[in-house]
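Worksheet: the structure to be examined is printed underneath.
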Amino acid sequence: MRDVVRIEELAKTFGKVRALDGLNLTVRRGEVHGFLGPNGAGKSTTIHILLGLMRASAGHVGLFGVDPWRHAARLHERLAYVAGDVALWPGLTGGQCLDVIGTTHGRVDEKRREQLIDRFELDPAKRIRDYSKGNRQKVALVAALSADVELLVLDEPTSGLDPLMEQAFQQCVRERREDGVTVLLSSHILGEVEALADRVSIVRRGRTVTTGTLADLRRHTRTAVHAVTAVEPDGLARAEGVADWVSERQGGQVDTRFTVDGDHLDATIGRLHAAQIHTLTVTPPSLDALFLSKYGAANDSPAVAAR
33 MRDVVRIEEL AKTFGKVRAL DGLNLTVRRG EVHGFLGPNG AGKSTTIHIL
83 LGLMRASAGH VGLFGVDPWR HAARLHERLA YVAGDVALWP GLTGGQCLDV
133 IGTTHGRVDE KRREQLIDRF ELDPAKRIRD YSKGNRQKVA LVAALSADVE
183 LLVLDEPTSG LDPLMEQAFQ QCVRERREDG VTVLLSSHIL GEVEALADRV
233 SIVRRGRTVT TGTLADLRRH TRTAVHAVTA VEPDGLARAE GVADWVSERQ
283 GGQVDTRFTV DGDHLDATIG RLHAAQIHTL TVTPPSLDAL FLSKYGAAND
333 SPAVAAR
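By our numbering, the letter at position 205 of the sequence shown is numbered 237, and the numbering carries on one by one without gaps.
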């Protein structure tokens, strides 16, 4: 089976409110798939349906080829889930919580769990009531990453972690991907998704706006170019695909800045080369830019639930 997750035309309504409106999502086996969208786009609702915690109003949801609503208990032996706001048992220690959570997954790799406790600098002897939000998040991450499962579903997994722990998390995800584990990663930290994801899906107002690799998406977004040349590049200011042109002479050189769409990048670099390049900086669009180009500045519709 190539696809671990296959969602087609998914719809979910809460009374008169439409949380999902024909959303599509495919997650391939062995990939890290970034799941992005503004607040209220329907990401968490989609994940809850995928986990069998909520029933879809319409559409098809397949997890390992079966319906999660009908087979949730069996499927949860093959996956681990981390929510963005972890609720644990305040009277238990971190270690006891790891034991309890471990019983809901498949087999737990005890050696890996001990390594993860060290890497995340977690004190398993402290009670949950004495943990910070970040430490509660670490418990959930250690539990999920130490489980021998086929799928990790991570919904804002680094909420409350400091930058060093975020780096540790990213390295752990890369290692699990190398082991063949599939990861569905929903995160508001675009840099985190950019560093980890093989493919990205952007959703808005309960629908999928676009899906693809970062390279695929960047082809449809503008690249920033800064060049210092000996002479003014001939005809480049009016060239097809070029915008945001700014050029000024500085001493015996010409400083030029502009943006260009991906299909015309080669031609513009050729024109710069003919103008005798001294320095050249080409900056591909970041995931932030890709996200904003698909989301824009418009607010979500009030008819869509904030989930």
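Here a beta-carbon is modelled for each residue, glycine too, at the ideal position from N, C-alpha and C. These numbers were taken from a predicted model, which means no experiment stands behind them.
- Sequence-distant Cβ neighbours of Pro317 in its own chain, meaning closer than 7 Å and more than five residues away, are Arg250, Thr253, Arg254 and Thr255.
- Bounds of any beta strand (DSSP E) do not take in Phe152, whose DSSP letter is neither H nor E.
- Under the rule that a run must span 4 or more residues, the alpha helix (DSSP H) segments found entirely inside the segment 180-256 read 195-210, 222-228 and 246-250.
- Under the 8 Å Cβ criterion, the segment 195-203 does not count as touching the segment 285-294, having fewer than three qualifying pairs.
- The segment 82-144 contains, as complete alpha helix (DSSP H) runs of 4+ residues, the segments 104-107 and 126-134 (chain order).
- Closest by C-alpha distance to Val59, out of Phe46, Val213 and Val36, is Val36.
- Per DSSP, reduced to three states, the secondary structure at Gly166 is helical.
- Phe323 is bridged by DSSP to nothing; it lacks a bridge partner.
- Taking Asp276 as the centre and dropping the five residues before and after it, the same chain places the C-beta of Phe290 and Thr291 closer than 7 Å to its C-beta, in chain order.
- Rounded to whole angstroms, the Cβ separation of Gly126 and Ile160 is 7 Å, and the two are in contact under 8 Å.
- Residue pairing by DSSP places Ala259 opposite Thr288 and Leu312 in a beta bridge.
- Only buried fits Ser219, as 16 or more other CB atoms lie within 10 angstroms of its CB.
- Note on geometry: alpha-carbon atoms of Asp187 and Trp101 lie some 19 Å from one another.
- When Gly91, His108 and Ala51 are compared, the shortest CA-CA separation from Leu85 is found for His108.
- Just measuring C-alpha positions, the residue of Arg87, Arg270 and Gly134 sitting nearest His103 is Arg87.
- Each residue's CA atom was taken as its position, placing Gly302 and Thr242 some 31 Å apart.
- In this structure, the straight-line span from the alpha carbon of Pro265 to that of Leu312 is close to 13 Å.
- Below 8 Å, enough C-beta pairs join the segment 61-79 and the segment 220-238 to call them touching: three or more.
- Membership of Gly66 in the beta strand (DSSP E) is indicated by the continuous run Val64 to Leu68.
- For Arg303, the uninterrupted alpha helix (DSSP H) run begins and ends at Leu297 to Ala306, by DSSP.
- Here Ala73 carries a coil assignment [DSSP, helix/strand/coil].
- Just measuring C-alpha positions, the residue of Arg61, Gly192, Asp99 and Val118 sitting nearest Leu42 is Asp99.
- Lys170 is classed as buried because its beta carbon has at least 16 other beta carbons within 10 Å across all chains shown.
- Going by C-alpha positions, Leu222 is about 13 Å away from Gln202.
- Straight across, the Cα-Cα distance linking Leu154 with Leu193 is about 12 Å.
- For Gln285, the closest C-alpha among the options Thr300, Leu268, Gln308 and Ala271 is that of Gln308.
- Between Leu55 and the set His310, Arg239, Gln147 and Val257, the nearest pair of CA atoms involves Arg239.
- The three-state secondary structure of Arg61, taken from DSSP, is coil.
- In the three-state scheme derived from DSSP, where H, G and I count as helix and E and B as strand, Ala175 is classed as helix.
- Taking every protein chain shown into account, the CB of Glu224 has 16 or more other CB atoms within 10 angstroms, so this residue is buried.
- Gly212 is classed as exposed because its beta carbon has fewer than 16 other beta carbons within 10 Å across all chains shown.
- Looking at the backbone, the Cα of Asp287 and that of Asp298 are separated by about 19 Å.
- The shortest C-alpha to C-alpha distance from Asp150 to any of Val132, Lys165, Leu173 and Ile133 is the one to Leu173.
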